[in-house]
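Our numbering numbers the first residue of the sequence shown as 52 and each following residue consecutively.
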Amino acid sequence: MGTFKDAEQLYELLGGLFNELTKNEEIANKFAASGLVIRFSYEEPEAEIWLDASKKDPNDIGVILGPAQGLTPEVEMSMKADVAHKFWLGNVNLMVALTRRQIIAKGPIPKIMKLLPVIKPAYDVYKNMLKEKGLESMITSK
């Protein structure tokens with residue numbers, strides 16, 4: 052069994068993380084400026100999360116859990132859910148994961164790479180969120 056017991060837990064945790072990040076002024080401003088629509092596709096469990104900054108408004112970034120109607124992704128990131136979990140813990144280097152095909156990306160990767168320095172605080176946000184939910188074991192396992 053993977054890190055997440057089911058898609059519902061993945062949505063709760065990774066969706067919760069993305070919602071928290073949209074409240075961070077620096078992250079929201081940079082992401083909104085990118086204007087990107089990103090689709091994250093996960094396996095084991097099957098799930099998808101969309102981030103929509105197409106309105107370029109930091110106060111109106113969409114976080115969509117599950118399939119999105121009427122959106123076309125500019126960037127698609129596909130990976131096992133365990134890889135995503137390890138990434139948000141700060142344990143996966145994006146360039147290495149792309150090279151090893153642990154993460155498969157389609158679209159303008161340089162735009163994604165520009166956002167990497169901005170999301171560094173997300174690692175602590177994710178760890179703290181897991182602790183607050185009593186899921187400390189997910190921080191050290193796998």
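The C-beta atom is built at its ideal place from N, Cα and C for all residues, glycine as well.
Just to confirm the assignment, what range does the beta strand (DSSP E) spanning residue 93 have? Along the sequence shown, read from residue 1 onward, the residue named residue 93 stands at position 42. Counted as a single uninterrupted DSSP element, the beta strand (DSSP E) harbouring residue 93 occupies residues 88-94.
Can you look up residue 63 in the DSSP assignment and give me helix, strand or coil? By one-based count along the sequence shown, residue 63 stands at place 12. Three-state result, residue 63: helix.
Own chain residues within Cβ distance below 7 Å of residue 61, not counting five before or after: Reading the sequence shown from its first residue, position 10 is the one you call residue 61. 55, 93, 96, 98, 132, listed in sequence order.
Residue 135 versus residue 68: straight-line alpha-carbon distance, rounded: The residue given as residue 135 occupies position 84 in the sequence shown. The residue given as residue 68 occupies position 17 in the sequence shown. Computed Cα separation, rounded: 12 Å.
Of all the options 164, 189, 109, 175, which has the alpha carbon lying nearest to the alpha carbon of residue 77? Looking up residue 77 in the sequence shown gives position 26. Nearest to residue 77 by alpha-carbon distance, out of 164, 189, 109, 175, is 109.
Cβ shell of residue 79 (< 8 Å), same chain only, five flanking positions each side left out: The residue you call residue 79 lines up with position 28 of the sequence shown. So the qualifying residues of the chain are 72, 73, 109, 110, 112.
Where residue 188 falls, given that 16 or more other Cβ within 10 Å makes a residue buried: Walking along the sequence shown from the start, residue 188 turns up at place 137. It is exposed - the Cβ of residue 188 has fewer than 16 other Cβ atoms within 10 Å.
Considering Cα atoms alone, identify which of 81, 65, 63, 58 is closest to residue 170. Within the sequence shown, numbered from 1, the residue matching residue 170 stands at position 119. Of all alpha-carbon atoms in 81, 65, 63, 58, the one lying nearest the alpha-carbon of residue 170 is that of 81.
Are at least three pairs of beta-carbons, each pair with one atom in the segment 144-161 and one in the segment 175-190, less than 8 Å apart? Counting Cβ pairs under 8 Å, fewer than three are found: no touch.
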